[in-house]
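All remarks here apply to the structure that follows.
Numbering (my numbering), first residue to last: 56 to 354.
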């Protein structure tokens, strides 16, 4: 009995020692795994060199292919892509190419080539159909206004079936412009001898900005360099008749011409109306229009 108890105690001791040893080995293994994990987080390339090599040797090379650009055969002309939607003149539209000669014929008949220079721009909207583009079709064109101040006008082409096309034309107007032959200073009295007339094209809206010769007795209010055009806003009419001056006043009818010596009450430039007193006229004062230096015409 005693011997059996001793054997049981020995067996329990061995079990206890085995459990302790297994716990120690487990701790050692877990500690080693934790160290490997830390090294792998610090240097990931070193942790898996085999995987990287496999990836490089087993992954096939791929190339990207760009599909050829798509082109619209209706808008590609001579290897140049043209958007007819955004084109104003539609040089490639068959509708416009057939209609254009008829528009030019109308413009050549109705625009004075000595007064205007024009450029046919084209339809205001893309032409998709127009019965008037048939060579023998009859169309009517209208809308040109020679008195317009705009440099872009719209004319209308109308076909027999009522279809209409709006067309832009760009206009410039010929004008004789006075060009300075010398430098001028402010408050200088101008002489026509110091200018030469040149025929130029200008926008219609600018036609009245320039001066027609002769410009009378005027002074300039700004500097004007040689070769520069003379404009109306640069000029100030000189008062050629001043208050207190004596002037010759003419009173002329169909059969009779009278001349009086009068004194100006007000000052004036050429073309302006002044008040004068004439001793030989039974009125306190009369009105006269200044025509030249010392000369006025009775009104």
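All C-beta atoms in this analysis are idealised placements derived from N, C-alpha and C, irrespective of residue type, glycine included.
Which of helix, strand or coil does DSSP assign to residue i?
{"i": "residue 157", "result": "helix"}
{"i": "residue 149", "result": "helix"}
{"i": "residue 231", "result": "strand"}
{"i": "residue 289", "result": "helix"}
{"i": "residue 252", "result": "strand"}
{"i": "residue 247", "result": "helix"}
{"i": "residue 328", "result": "strand"}
{"i": "residue 279", "result": "strand"}
{"i": "residue 348", "result": "coil"}
{"i": "residue 92", "result": "Only weak support is given to the placement of residue 92: the predicted model assigns it a pLDDT of 49, under 50, and the question is left unresolved by the model."}
Residue i bridges to which residues according to DSSP?
{"i": "residue 296", "result": "323"}
{"i": "residue 261", "result": "Residue 261 is not bridged to any residue."}
{"i": "residue 353", "result": "343"}
{"i": "residue 306", "result": "313"}
{"i": "residue 222", "result": "178, 210"}
{"i": "residue 195", "result": "213"}
{"i": "residue 172", "result": "227"}
{"i": "residue 273", "result": "292"}
{"i": "residue 284", "result": "234"}
Report yes if the C-beta distance between residue i and residue j is below 8 Å; otherwise report no.
{"i": "residue 295", "j": "residue 345", "result": "yes"}
{"i": "residue 265", "j": "residue 232", "result": "yes"}
{"i": "residue 292", "j": "residue 324", "result": "yes"}
{"i": "residue 222", "j": "residue 215", "result": "no"}
{"i": "residue 284", "j": "residue 234", "result": "yes"}
{"i": "residue 209", "j": "residue 228", "result": "no"}
{"i": "residue 186", "j": "residue 157", "result": "no"}
{"i": "residue 150", "j": "residue 180", "result": "no"}
{"i": "residue 254", "j": "residue 281", "result": "no"}
{"i": "residue 348", "j": "residue 306", "result": "no"}
{"i": "residue 331", "j": "residue 302", "result": "yes"}
{"i": "residue 206", "j": "residue 155", "result": "no"}
{"i": "residue 304", "j": "residue 351", "result": "yes"}
{"i": "residue 300", "j": "residue 319", "result": "yes"}
{"i": "residue 199", "j": "residue 165", "result": "yes"}
{"i": "residue 152", "j": "residue 175", "result": "no"}
{"i": "residue 241", "j": "residue 288", "result": "no"}
{"i": "residue 315", "j": "residue 290", "result": "no"}
{"i": "residue 262", "j": "residue 309", "result": "no"}
Applying the criterion that 16 or more other CB atoms from any shown protein chain within 10 Å of the CB defines a buried residue, is residue i buried or exposed?
{"i": "residue 339", "result": "exposed"}
{"i": "residue 161", "result": "buried"}
{"i": "residue 74", "result": "exposed"}
{"i": "residue 313", "result": "exposed"}
{"i": "residue 328", "result": "exposed"}
{"i": "residue 245", "result": "buried"}
{"i": "residue 239", "result": "buried"}
{"i": "residue 203", "result": "exposed"}
{"i": "residue 311", "result": "exposed"}
{"i": "residue 148", "result": "buried"}
{"i": "residue 252", "result": "exposed"}
{"i": "residue 196", "result": "buried"}
{"i": "residue 219", "result": "exposed"}
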